[in-house]
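Contents: one structure, followed by commentary.
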Amino acid sequence: MTDSRLPRVSAIVLAWKSEPWLRRSVTALLGSEKVDLDVVLVDNGCTDDDVEVLAQLPGVTVVRPGRNLGYSGGNNAGVAVADGDYVALINGDAIVEPNTIARLVEELARPEVGIAAAGVRLAENPALLNSSGNLVHVLGISWVGGLGEPETRTAPTEVAGAMGAGLVTSREHWDRLGGFFEQYFAYHEDADLSIRTWRLGLKVVNVPDAVVVHRYEFSRNTEKFYLVERNRLIFVTTLWSARALLLLAPALLALELAMLALAVKEGWARDKVRGWVWLWRNRTVLRERRALVRGMQTVPDREWMRVLTPRLDTPLIQVPAVILRPLNAATTAYWKLVRRFV
């Protein structure tokens, strides 16, 4: 029998391909303490019998969209059938500790907090961080913060972005935002959700004592680069103001040329161009999306954009230190100059 006084949480877990940690992930969630938690398991292209096995567990609801909807569409499909007052997004390759979900819900009790994200640890060494919160660059790149570093924090910290591997928000806030923009498919949707939270005057926080252990693999393949680069451009063109885009235009153009040169060097130039083609063909959808999210914004650009970083310290782009140091100095100076006019 569940305790009606406990917070009701629906945890969304995607089952994609064959994930060796999926059963452990769902079982750990069902063992969460101090919350009334159920799991919505989305069959997003599972290739083994894990979904059938987990469907037999009390507290598990299975959603079968019939195809891979991506991270954004899969989570939206899961939340659509969830009935918790809170929504937890937990990766199928991530294990929560018994107190993690309750700790994140506790943080959401603060009226200024919109999203509470876990302190994500690396599976191969849980003493080291996978993410202490994601960084978001002024040019739209997003990456995990604190990767490979020991956890030294003792209190929640404000972060630009919540890592989608482990976060909790209220169902009310999720519905207010309209969930994920499904055109992302995968990558950048957590940055989008986070920045739109800041634009509504609410904070995104990372909670170090709400631990999630993640079987993290940083993959490099042409499809990932296609999505990451395409989605970065979706991100900035729909969320940045026209004035910000104009002020940042020289830097954005320089980044596009640099990424094209990198794509040519590494053999994924066709995928980079494919991203531009997609953006052009879907320009009407993106224009409508921009109007929607800009209309929802309640915080001035100059205020919410303070959470962005001008420093490019991402593992996504390998830049020699001899180039990176002056590049960061120049970008920081440029952003300091133009930010006052955003």
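In full-length UniProt numbering, the protein residues as written are 1 to 342.
Think of the CB as a built atom: it goes at the ideal place given N, C-alpha and C, for glycine as much as any other residue.
Predicted model only: the values in this text are computed from it and were never measured.
So what does residue i bridge to, in DSSP terms?
i: residue 143; result: 135
i: residue 149; result: Residue 149 pairs with nothing; no bridge assigned.
i: residue 95; result: 213
i: residue 14; result: 42
i: residue 161; result: 134
i: residue 9; result: 37 and 86
i: residue 177; result: BP columns for residue 177 are empty, so no partner.
i: residue 246; result: According to DSSP, which records beta bridges pairwise, residue 246 is partnered with nothing at all.
i: residue 129; result: 121
Note the first and the last residue of the continuous beta strand (DSSP E) segment covering residue i.
i: residue 44; result: 36 to 46
i: residue 86; result: 86 to 90
i: residue 119; result: 113 to 122
i: residue 309; result: Counting along the chain, residue 309 falls outside any beta strand (DSSP E), and DSSP gives it neither H nor E.
i: residue 167; result: 166 to 170
i: residue 60; result: 60 to 63
State the CB to CB distance for the pair residue i and residue j, rounded to an integer number of angstroms; the pair is presumed to be in contact (CB under 8 Å).
i: residue 380; j: residue 243; result: Outside the modelled stretch of the chain, which goes from 1 to 342, sits residue 380, for which no answer is possible.
i: residue 216; j: residue 123; result: 7 Å
i: residue 120; j: residue 92; result: Contact flag wrong, Cβ pair sits at about 14 Å.
i: residue 151; j: residue 203; result: Between residue 203 and residue 151 the Cβ distance is about 20 Å, and since that is not below 8 Å, they are no contact.
i: residue 59; j: residue 81; result: Actually they do not touch by this definition, with Cβ atoms about 14 Å apart.
i: residue 211; j: residue 97; result: 5 Å
Rank the options by C-alpha distance to the C-alpha of residue i and give the top, closest one.
i: residue 291; options: 147, 237 and 62; result: 237
i: residue 142; options: 202, 164, 156 and 153; result: 164
i: residue 84; options: 76, 7 and 335; result: 7
i: residue 209; options: 16, 101 and 87; result: 101
i: residue 326; options: 171, 189, 311 and 263; result: 311
i: residue 146; options: 129, 140, 137 and 155; result: 129
i: residue 77; options: 168, 226 and 178; result: 178
i: residue 10; options: 42, 23 and 107; result: 42
i: residue 144; options: 245, 270, 188 and 5; result: 188
i: residue 49; options: 228, 23, 271 and 90; result: 23
i: residue 199; options: 25, 269, 302 and 73; result: 302
i: residue 328; options: 170, 186 and 137; result: 137
i: residue 57; options: 193, 30, 201 and 88; result: 30
i: residue 337; options: 247, 99 and 183; result: 247
Buried or exposed: where does residue i fall if 16 or more other Cβ atoms within 10 Å of its Cβ makes it buried?
i: residue 66; result: exposed
i: residue 280; result: exposed
i: residue 273; result: exposed
i: residue 259; result: buried
i: residue 239; result: buried
i: residue 95; result: buried
i: residue 261; result: exposed
i: residue 331; result: buried
i: residue 47; result: exposed
i: residue 25; result: buried
i: residue 115; result: buried
i: residue 180; result: buried
Identify the continuous alpha helix (DSSP H) that holds residue i and give its terminal residues.
i: residue 237; result: 222 to 239
i: residue 324; result: 321 to 338
i: residue 214; result: From DSSP, residue 214 is part of no alpha helix (DSSP H) but of the beta strand (DSSP E) over 203 to 214.
i: residue 199; result: Looking at the DSSP string, residue 199 is not in any alpha helix (DSSP H), and its letter there is neither H nor E.
i: residue 79; result: 70 to 81
i: residue 275; result: 269 to 281
i: residue 27; result: 22 to 30
i: residue 154; result: Segment: none, residue 154 is in no alpha helix (DSSP H) and carries neither H nor E.
i: residue 260; result: 249 to 266
i: residue 49; result: Run containing residue 49: none; DSSP gives neither H nor E here.
i: residue 186; result: Unbroken run through residue 186: none, as it is neither H nor E.
i: residue 102; result: 100 to 108
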